[in-house]
Amino acid sequence: MPRPFVSLVIPCRNEAAYIRALLDSILSTEYPHDRLEVLVVDGMSDDGTRAVVAAYASRYPVVRLLDNPKRITPCALNLGIAQARGAIVMRMDAHASYPPTYVADLVDWIERTGADYVGGAWVTLPADTSAIARAIAAVLAHPFGIGNSRYRLGTNVVREVDTLPFGCFRRDLFERVGLFDEELVRNQDEEFSFRVLRAGGRVLLVPGVVCSYYARRSLGQLGRMFYQYGFFKPLVALKIGRIMTLRQLVPAAFVLSVLVSVLAAPWVAAARVLGGLILGTYCASNAACALALGWRHGARVGLAVAGVFPLVHVCYGCGFLRGALALLARSRGRAFGLSSTPLSR
Numbered sequence: 002m003p004r005p006f007v008s009l010v011i012p013c014r015n016e017a018a019y020i021r022a023l024l025d026s027i028l029s030t031e032y033p034h035d036r037l038e039v040l041v042v043d044g045m046s047d048d049g050t051r052a053v054v055a056a057y058a059s060r061y062p063v064v065r066l067l068d069n070p071k072r073i074t075p076c077a078l079n080l081g082i083a084q085a086r087g088a089i090v091m092r093m094d095a096h097a098s099y100p101p102t103y104v105a106d107l108v109d110w111i112e113r114t115g116a117d118y119v120g121g122a123w124v125t126l127p128a129d130t131s132a133i134a135r136a137i138a139a140v141l142a143h144p145f146g147i148g149n150s151r152y153r154l155g156t157n158v159v160r161e162v163d164t165l166p167f168g169c170f171r172r173d174l175f176e177r178v179g180l181f182d183e184e185l186v187r188n189q190d191e192e193f194s195f196r197v198l199r200a201g202g203r204v205l206l207v208p209g210v211v212c213s214y215y216a217r218r219s220l221g222q223l224g225r226m227f228y229q230y231g232f233f234k235p236l237v238a239l240k241i242g243r244i245m246t247l248r249q250l251v252p253a254a255f256v257l258s259v260l261v262s263v264l265a266a267p268w269v270a271a272a273r274v275l276g277g278l279i280l281g282t283y284c285a286s287n288a289a290c291a292l293a294l295g296w297r298h299g300a301r302v303g304l305a306v307a308g309v310f311p312l313v314h315v316c317y318g319c320g321f322l323r324g325a326l327a328l329l330a331r332s333r334g335r336a337f338g339l340s341s342t343p344l345s346r
């Protein structure tokens, strides 16, 4: 029996530093090339990414370059899905590389389980060898940094999860639940996963399927990215009518409680005690995790980690609170938008 035809959809924008390694890893796949197409949906890159992809497309018929004038991920996904010819559609990220068995393994899992939506785990790698880049990668693979996101932590068994970022989908799933929400610059995979679950589908994290994901290089890029993640979480919650996991609220609750305690401290003794307790507990947890990671990765990385943890938590929390305020403003007739914060690429 012939293998299912698979369409790989890759949202991409200004990824000249990663796109060659990504395409080389995909073209090394063990999956039959005559049952495969690679759709790179580019958000009008201006760093040379388009020329690289065009060169690969001229050499390898399976590679196609598609334009995404709106430049954001959900639009890229929907454009790719509309052009896809495969019975199975697989989302891949331009900041990653994939082992030769990756495509075949996910196709096997989706056929074996009968699920509509499966995915594997990440191994988070640093963007370079600097202490900051290594610290960022360590934080994004640590439970204190990102909570219990199973796709970041890995699994030894098949798990039903609430979302997966790099999914492998049956094509007819989009006909049943719709495409990705183009209002969600970030977190569109979470809202899509909820629609799948609400329709009676299963979202499965499967063992033995792992890709390498390259974390952001700088603190500025990381802070913007997590601010954006937080900013769009309230809109996701509004669209689906619930908070999917409590971990989404923790950074915002931390930031809000510290802010309220600091503002009330000059007049309310209990606020000083509460603020000291919250900050003391957080600093102690941060120090313990930084010491553990420093022991594993070196003292310079451990020192950097002590600053990266609060950066991730505070930026996410501030983004969440700002997003909640933006939704309140929208309810009064004002626009909902990401202000002037550039997308982290």
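Using my numbering, read the sequence shown as starting at 2 and increasing by one per residue. Using N, Cα and C, we set each Cβ at its ideal position, and we do this for glycine too. None of these values were measured; they are calculated from a predicted model.
C-alpha distance - residue i paired with residue j, whole-angstrom precision
i, j, result
"ALA307", "PRO33", "46 angstroms"
"ARG14", "GLY277", "43 angstroms"
"ASP94", "LEU264", "42 angstroms"
"SER341", "ARG225", "Because SER341 sits at a pLDDT of 45, beneath the cut-off of 50, its placement in the model cannot be relied upon, and the following sentence gives the value as read from the coordinates. Using only the alpha carbons, I get a separation of about 11 angstroms."
"GLY231", "ARG243", "15 angstroms"
"LEU66", "LEU260", "47 angstroms"
"ALA238", "PHE193", "12 angstroms"
"VAL119", "PHE170", "7 angstroms"
"LEU107", "GLY121", "8 angstroms"
"VAL54", "ASP173", "28 angstroms"
"ALA105", "GLY209", "12 angstroms"
"ARG196", "GLY179", "9 angstroms"
"SER345", "GLN222", "Low confidence applies here, because SER345 scores a pLDDT of 49, under 50, leaving its location unreliable; read the following figure in that light. Approximately 5 angstroms between the Cα atoms of the pair."
"ALA58", "PRO127", "28 angstroms"
"THR156", "GLY148", "15 angstroms"
"ARG199", "TYR214", "29 angstroms"
"ASN287", "SER131", "21 angstroms"
"LEU165", "ILE111", "14 angstroms"
"LEU141", "ARG153", "8 angstroms"
"PHE181", "LEU294", "37 angstroms"
"HIS298", "THR102", "29 angstroms"
Three-way DSSP call (helix, strand, coil) for residue i in this model
i, result
"SER341", "Bear in mind that the predicted position of SER341 carries a pLDDT of just 45, short of 50, making it too unreliable to give a figure here."
"THR125", "strand"
"ARG113", "helix"
"TYR230", "helix"
"GLY120", "strand"
"TYR152", "helix"
"ASP48", "coil"
"VAL204", "strand"
"SER98", "strand"
"LEU250", "coil"
"ARG177", "helix"
"GLU191", "helix"
"HIS364", "Given that the chain is displayed from residue 2 to residue 346, the structure contains no residue 364 and the question cannot be resolved."
"ALA347", "Residue 347 is absent from the model: the chain starts at 2 and stops at 346."
"VAL243", "Going by the sequence as given, residue 243 is Arg instead of Val. In this structure, ARG243 counts as coil in the three-state DSSP scheme."
"ARG217", "coil"
"TRP268", "coil"
"TYR19", "coil"
"LEU185", "coil"
"THR130", "coil"
"VAL63", "coil"
"ILE27", "helix"
"ARG14", "coil"
"ILE137", "helix"
"GLY299", "coil"
"ILE279", "helix"
"TYR103", "helix"
"TYR57", "helix"
"TYR317", "helix"
"PRO33", "coil"
"PRO3", "coil"
Residues bridged to residue i [DSSP beta-bridge criterion]
i, result
"MET91", "LEU9 and CYS169"
"CYS212", "TRP123"
"ASP68", "ASP43"
"GLU38", "SER8"
"GLU161", "LEU205"
Buried versus exposed, by CB contacts within 10 Å (16 or more), residue i
i, result
"GLU191", "buried"
"CYS284", "exposed"
"SER262", "buried"
"THR114", "exposed"
"GLU38", "buried"
"ARG51", "buried"
"SER29", "exposed"
"ARG60", "exposed"
"ASP43", "buried"
"VAL64", "buried"
"TRP123", "buried"
"VAL158", "exposed"
"VAL7", "buried"
"THR125", "buried"
"VAL274", "exposed"
"GLU16", "buried"
beta-carbon residue i near the ligand PLP non-hydrogen atom, thresh 7 angstroms
i, result
"CYS212", "The ligand PLP is not part of the structure shown, which contains no ligands of any sort."
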